[in-house]
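**Q** Residue numbers (this note's numbering): 1 to 141.
(1) Could you name the residues of the same chain whose beta carbon sits closer than 8 Å to that of residue 104, not counting the 5 residues immediately before and after it, in chain order?
(2) Quick one: is the Cβ of residue 86 within less than 7 Å of any heavy atom of the ligand GTP?
(3) So the alpha helix (DSSP H) residue 134 belongs to, where does it begin and stop?
(4) Quick one: what's residue 33 bridged to in DSSP?
(5) Between the alpha carbons of residue 7 and residue 106, how many angstroms are there, rounded?
(6) For the segment 70-96, list the beta strand (DSSP E) runs that are entirely contained and at least 3 residues long, ordered along the chain.
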């Protein structure tokens, strides 16, 4: 059963700039630069035939290109931080694309994503991340 998500690839120059944020955080497993992306919709583990239906529907999505703007760094998890991210400013174009993909998934019978769309690029996953270490890392950037 494949695990699927839809995402936008981060342009190489932006990815290289983001890679300069790597290091200096104990317990961080840094994401490889070539794997940086902005997730539009997490789909999860699904049957192969459903994956094919989703791929066919997504092939029909055509939108003009648009600019994305990186905006700050942060962490998910509060007192138990589990990821460090670079923010992406929400724009009308980005929000519209994400909404279209979400509607396609729902039309194909997938449940709505319960999480609010929070555009970001995950830079690192944290295992037993100390809130103090994360706060110090973020304040230095």
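For every residue, glycine included, the Cβ atom is placed at its ideal position computed from N, Cα and C.
**A** In brief:
(1) Excluding residues within five positions, the ones whose Cβ falls inside 8 Å are 54, 57, 58, 61.
(2) This structure lacks the ligand GTP; in fact it carries no ligand of any kind.
(3) Counting along the chain, the alpha helix (DSSP H) containing residue 134 begins and ends at 131-139.
(4) DSSP output for residue 33 lists no bridge partner at all.
(5) Just so you know, the alpha carbons of residue 7 and residue 106 end up roughly 17 Å apart.
(6) Assignment of beta strand (DSSP E) within the segment 70-96, counting only whole runs of 3 or more residues, yields 70-76, 83-88 in chain order.
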